[in-house]
Structure formats: C-alpha cells, structure tokens
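Asks: Sharing a structure here in structure tokens format.
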Amino acid sequence: MDRAPHPRPTRLRRRFARLTSAFATIALSATGLVALGGGTASGATSRAAEDTAATAAAANLAQNPGFESGLSGWTCSAGSGTTVASPVHSGSAALKATPAGTDNARCAQTVAVKPNSSYTLGAWVQGSYVYLGASGTGTTDVSTWTPSATGWQQLSTSFTTGANTTSVTVYTHGWYGQPAYYADDISLSGPGGDPGDPVPGAPSGLKAGAVTSSSIDLSWSPVTGATGYNVYRDGSKVQSVGGTSATVTGLAPSTSYQFQVTATNAAGESPRSAAVTGTTSAGGGGGGGAVPKHAVTGYWQNFNNGAAVQKLREVQDQYDIIAVAFADATGTPGAVDFTLDPAVGYGSEQQFKDDIKAKQAAGKSVVISIGGQNGTVSINDSTSANNFANSVYALMREYGFNGVDIDLENGLNATYMTQALRSLSAKAGSGLVITMAPQTIDMQSTSNAYFQTALNIKDILTVVNMQYYNSGSMLGCDGKVYSQGSVDFLTALACIQLEGGLSPSQVGLGLPASTRGAGSGYVSPTVVNNALDCLARGTNCGSFKPSRTYPGLRGAMTWSTNWDATAGNAWSNAVGPKVHGLP
-18 MDRAPHPRPT
-8 RLRRRFARLT
2 SAFATIALSA
12 TGLVALGGGT
22 ASGATSRAAE
32 DTAATAAAAN
42 LAQNPGFESG
52 LSGWTCSAGS
62 GTTVASPVHS
72 GSAALKATPA
82 GTDNARCAQT
92 VAVKPNSSYT
102 LGAWVQGSYV
112 YLGASGTGTT
122 DVSTWTPSAT
132 GWQQLSTSFT
142 TGANTTSVTV
152 YTHGWYGQPA
162 YYADDISLSG
172 PGGDPGDPVP
182 GAPSGLKAGA
192 VTSSSIDLSW
202 SPVTGATGYN
212 VYRDGSKVQS
222 VGGTSATVTG
232 LAPSTSYQFQ
242 VTATNAAGES
252 PRSAAVTGTT
262 SAGGGGGGGA
272 VPKHAVTGYW
282 QNFNNGAAVQ
292 KLREVQDQYD
302 IIAVAFADAT
312 GTPGAVDFTL
322 DPAVGYGSEQ
332 QFKDDIKAKQ
342 AAGKSVVISI
352 GGQNGTVSIN
362 DSTSANNFAN
372 SVYALMREYG
382 FNGVDIDLEN
392 GLNATYMTQA
402 LRSLSAKAGS
412 GLVITMAPQT
422 IDMQSTSNAY
432 FQTALNIKDI
442 LTVVNMQYYN
452 SGSMLGCDGK
462 VYSQGSVDFL
472 TALACIQLEG
482 GLSPSQVGLG
492 LPASTRGAGS
502 GYVSPTVVNN
512 ALDCLARGTN
522 CGSFKPSRTY
532 PGLRGAMTWS
542 TNWDATAGNA
552 WSNAVGPKVH
562 GLP
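According to my numbering, the sequence shown is numbered sequentially starting from -18.
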C-alpha cells in the first residue's frame, strides 16, 4: 500500500470491463446407414447397442421440461412464473416469467445426479437478459445468458459434479425490472441419480413472535421429511436453520417486514409458505449494522498522506457509514488482512476497537474497505473467493466491523466476487453492510463486471457510491455526453444505475471532500445538494432532468473524512443535513 503523500488515489489505470458472452448451440443428429447387403448379425447387434447407449446418455433428467404440466416440478420466485400457450418452442406450453424491481423471476427445480459425472444443460429462451444455469454442482456453478433474443434462441452450458454431489438446482431467470421472458424445452443430459426422498411440502403455521428494534422471532410447524428450513425476508433468503424457529436480526426500527419459510432436504426445496408480517419496535439509539434510510458514507484514512490525521472517535457525526481504508492483500490469493498504521496515533489496537464500538453505539456502521488505487486483491476462482470471504469475516470478528466496502480499481470478476460476497453474507447474517465504490466507467452498462456484481447481490447490497471524480466525460442515461464537475454529470450518470436495476436506496453520489481529495472532479457542496434535490424531488436540476424522481435515494459519499476535516468539515456540514433531510 502506497502511504506516500498524494491525493485520493487517482484512476490512472482504467479498465473497460468487457463481457463477451458465448452461446454454444448443440445440434444433435443421428446419421443412419442402411445396408443393402453384406451386413452381419454381429454388426447389427453392435449398432443396436450403440443406439441404446446414445439414447440413455441423452435422456432428459429435468421434470416437466416443456411446462406441459403447468409449473409442476418448478418453483418461481415471488410468484413470477406462469405458463402460456404462445409463444412456445414446441408442444403446447412454455414458461413466462416476469421480473420486478426487486426480483429477477428465477424459476428452478432440483434434479438428482451422480457424483463425479458430466452434464449438459440446455434450454430455448426468448427475451432480454435471460439466464440459464446450474447451482450446487459441488465444483464450479455455471450459467450462460443472452442479452436479447427476439425469437427462440438456444442456450447451453455444461458442468461436472463434485465427489459428494447428489443433486443440483437448474434454473432460468431474467433481470430486475426487465420485461417478461420465455423458456421452453429445458434439458439436462447425463447419468441420473437416486432421487431418494421427495421434496418436502411447504411449511404451515408461520407466525411472528417477540420483536425488538432490530429483530423479529419466527416459528412454524415441522414438515415431514425436512432436514432444514430457509427463511425469506421481503422475498430474499436471509437464513438457513435446522429447526422450526429463527430470529431475523439486523432490521431497522419501526419497520414492517414480510416473511416466508421453505422446507429443504437432499431432494430440494419446497414452495414458500404463506407470508406473515412482523414489525420491529421503535429504536432506542441503535447501533450495529442498521443503516438509516438516507445515509452519508465517508472514508477514514488508515495512513497519513497530508490530510488531517484522525482517530475514529474524531470522525464527524454526520457520517453514518465509515469505511476504514484499506485492508491489504496477503500472500494467499483473495485473502486480506488489516494492520493499524502507527501514523494515525493509536496507542493500541484495543483503543481502535473501542472507537469502533463507540461509533456503533452512536448508530453508525463501520466497514473495512478493500482496494483503493494500490489495492491488488484478485478474486478469480472459487478458492480465492472463499479465501476472501473467510478473511473478511475474520476481520469482522476481530475488530467488530459491520461489513465490507468493495473499492477495487483494477477490475473484478463478477462471477467470483458475487460468490465471495454471498459466502460472506452466509457467515455474517442479515445485518451485513456491503458498500461499493466503482469508477464511473464501471457503471456505464449493466454488462460491466462491477454493475453485474451489484445486480447479482442486489438482495444483500447496501449502497453503491459511484465515484464521480478522476473520470473525464461520460455518457448519461439519455445517451448524451456529460463532463464531470456539473450537476448534470451527477444526475445523468446516477440515472443509469437507477434505471439499470438498482433500487434508489442502493445508489449514492461519491464526491471528493475538497480540491485536494482528488485529481479532478471536485464540486462544491451546493452542486452535490442540487443533484440530490434533482434526483429525489425533481428540483434544482440542470439541463438534464430525470423522467421520474427517486425519493428513496440513499445519499452521498466522500473521500475522505480526513480531507473533510482539513477543509473545516465544509462538505459534511453542508451535505450531511441535506442527505438526512431527503424525503
């Protein structure tokens, strides 16, 4: 990590994240040779045996693959799926699944397979951003997709099961906020496994019990044949438990949530139970990972580069999320560690940990930031993804961090970063805070890896604070070019994220706190506040005015609390009250 005095790490190495999707079309054909004479009985027997083997190998393991029996065998998220008589690829029916703003219309079934075996998965699809994939393979989960299929298009992928894998989940899904997609003739070819026990039925008797300002107790009746249960909050899975009760934590005070549960065993997951609603009690001053509806994020520098040196306890009260910058890469691929820099003046690590607790007691979240200009953390396979999740979780337990900030400026792999963050979420629970700080180029299109990652983890993502500085000119959501340093640059680029699938509560505006905090892109707090007004209220816009308002906008971020302090806290004193006063 470069600790030499310099402004906020500039984006000297920008990378256009290019995603090239390859869609393989597998054409299976059988060529018959008819002998007019000279054939032998042994030759005919051999050919018959080959034909039988080929037929067995091509057997479709998917149940109800053409949706001729409605949705039998399939479970679609949030009631998003139905069957239609037109359009169909073959037969009399096809799947139609309609995504929503917070649901990607995932339709799935669990199929029995054999360990250490090869499988080919295929489907015919129609629509925009249609995905086909398999999870739980025991090796590397796979997926493929098409950005636009105006007619029926075949998708195909393959995988090999792990040594202990006896079932996999095959699925299709669309994309958040996109139109309905269609799927038909789904096939999974390979050796069939032992289906064992049937998939359990949906749980009944779900009810909400005791509540606090940040948690709700749930209980339900046992299901015959179930070995575990999944808990869903507002449509997203938040817990897996072995018994018939759970406590969902990390909730906001005085807020209503909808819950459902499913039963699971080796054969798969049941449909979801009937929903119940629970409401948390009023908060008493809070703490933990509960981020307010509108929040200000600030980076705290664990080094001295000429900005005011602060201890965490000295960070201005306007900041709701404090990102400790930065964790460092280790010699283990994907793993990170954190070392408190003596330059910040702590007498011991315990004092630093005590400051984290004090900030949390005051209702703040403190996360560890990964990356920066000089950060070289690479997560490019399952092993490094697991190393990342394990090491970040270890830091959370050691220091008490509420979560993680992803500020990787040299590119990332969407597949494995998604895997890493989901693994971390499974360890840390529903109170995990995940923030991201991509460059402007990283969020120009939903095909970019950073944007893909944000959408992939939308159900567990807190906020994306894109950095509107050290950028140069960029395209806005209206296709026009805007130069940094104006209210239009902020609003037109934020519009891409807001209309590209992120919830308004997951979008924040990232700006430098002073002219010394970045190489370029500084704007006065007045411009930041005008952009917030334009997006949330439709007022104080420049030449660009969004087609609608986003009152749920999360807020703003700055690099850094130290540069803010150097400038007399002018940024937080102006932007903080504006953010906290948003509708």
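The beta-carbon is built from N, C-alpha and C at its ideal position, and this holds for glycine as well. Just so it is clear, the structure is predicted and the values come from calculations on it, not from any experiment.
1) Quick one: residues in its chain with C-beta nearer than 6 Å to the C-beta of Ser454, no 5 flanking neighbours on either side, listed in chain order?
2) Distance check for Thr150 and Thr245, CA to CA, integer angstroms please.
3) Would a C-beta distance cut-off of 9 Å place Thr91 and Ser363 closer than the cut-off?
4) Count the other CB atoms within 10 Å of the CB of Ser235; is the residue buried (16 or more) or exposed (fewer)?
5) How would you label Glu330, buried or exposed, when you count the other beta carbons within 10 angstroms and need 16 or more for buried?
6) With DSSP collapsed to three states, give me the class of Ala183.
7) So, do the region 477 to 484 and the region 539 to 551 have three or more beta carbon pairs nearer to each other than 8 Å?
8) Curious, which full-length beta strand (DSSP E) runs of at least 3 residues does the region 86 to 127 contain?
9) So Ser139 and Tyr100 are in contact, right, with Cβ under 8 Å, and what is the actual spacing, rounded?
10) Would you grab the beta carbon distance between Phe284 and Asp322 for me? Rounded to a whole angstrom, and I think it's under 8 Å.
11) In the DSSP assignment, find the unbroken beta strand (DSSP E) run with Arg214 in it and report its ends.
12) Quick one: give me the first and last residue of the alpha helix (DSSP H) that Pro558 is part of.
13) Could you check which residue in Ala548, Leu513 and Phe525 has the C-alpha nearest to that of Pro532?
14) For Ala343, which three-state DSSP category applies?
15) By DSSP, does Thr138 sit in helix, in strand, or in coil?
16) Hey, could you find the ends of the beta strand (DSSP E) Pro493 is sitting in?
17) In whole angstroms, what separates the C-alpha of Pro80 from that of Phe333?
18) Leaving out five residues before and five after Val508 in sequence, what residues of the same chain have Cβ atoms less than 6 Å from its Cβ?
19) How long is the line joining the alpha carbons of Phe4 and Gln448, rounded to whole angstroms?
20) Thinking C-alpha only, which one of Leu534, Gly117, Asn383 and Asp165 is nearest Ser137?
21) Could you tell me whether the Cβ atoms of Val444 and Ala306 are closer together than 9 Å?
22) Can you check whether the CB of Gly502 is closer than 9 Å to the CB of Asn451?
23) Give me, in chain order, the residues of the same chain whose beta-carbon lies closer than 6 Å to that of Ile197; leave out the 5 immediate sequence neighbours on both sides.
24) Tell me the DSSP bridge mates of Glu250?
25) Any idea if Ser148 is buried or exposed, counting beta-carbon neighbours within 10 angstroms, 16 or more meaning buried?
26) Assuming Leu413 and Gly384 are in contact, meaning their beta carbons sit under 8 Å apart, how far apart are those beta carbons, in whole angstroms?
27) How many whole angstroms separate the CB atoms of Trp494 and Ala548, which I take to be in contact at a CB cut-off of 8 Å?
28) Leaving out the 5 sequence neighbours to the left and right, which residues in its chain are closer than 6 Å to Ser237 when beta-carbon positions are compared?
29) Give me, in chain order, the residues of the same chain whose beta-carbon lies closer than 6 Å to that of Gly519; leave out the 5 immediate sequence neighbours on both sides.
30) Does the beta-carbon distance from Tyr112 to Trp156 come in below 9 Å?
31) For Phe48, which three-state DSSP category applies?
32) Can you tell me the Cβ-Cβ gap for Phe525 and Ala473, rounded? I've got them flagged as a contact below 8 Å.
33) Tell me which residues share the same chain as Gln239 and place their Cβ nearer than 6 Å to its Cβ, disregarding the 5 neighbours each side in the sequence.
34) What would DSSP say about Lys274, mapped onto helix, strand or coil?
35) Quick check on DSSP: helix, strand or coil for Gln159?
Replies: According to the structure data:
1) Closer than 6 Å at Cβ, skipping near neighbours: Val462 and Ser464.
2) Taking the straight line from one Cα to the other gives about 13 Å.
3) no
4) exposed
5) With fewer than 16 Cβ atoms within 10 Å of its Cβ, Glu330 is classed as exposed.
6) coil
7) no
8) 88 to 93, 99 to 108, 111 to 116 and 123 to 127
9) 6 Å
10) That belief holds up - the Cβ atoms of Phe284 and Asp322 are roughly 5 Å apart, short of 8 Å.
11) Gly209 to Arg214
12) Ala551 to His561
13) Leu513
14) If DSSP states are grouped into helix, strand and coil, Ala343 belongs with coil.
15) strand
16) Val488 to Pro493
17) 45 Å
18) Val468
19) Only weak support is given to the placement of Phe4: the predicted model assigns it a pLDDT of 31, under 50, and the question is left unresolved by the model.
20) Distance from the Cα of Ser137 is smallest, within the candidate group Leu534, Gly117, Asn383 and Asp165, for Asp165.
21) No, they are not a contact pair.
22) yes
23) Ala189, Val229 and Gly259
24) Thr245
25) buried
26) That pair is a contact at about 5 Å.
27) The residue you asked about is not Trp; residue 494 is Ala in the sequence shown. Correct: roughly 6 Å between the Cβ atoms.
28) Only Thr258 and Thr260 meet the Cβ criterion.
29) Answer for Gly519: Thr530, listed in chain order.
30) yes
31) coil
32) 5 Å
33) Asp215, Ala256 and Thr258
34) coil
35) coil
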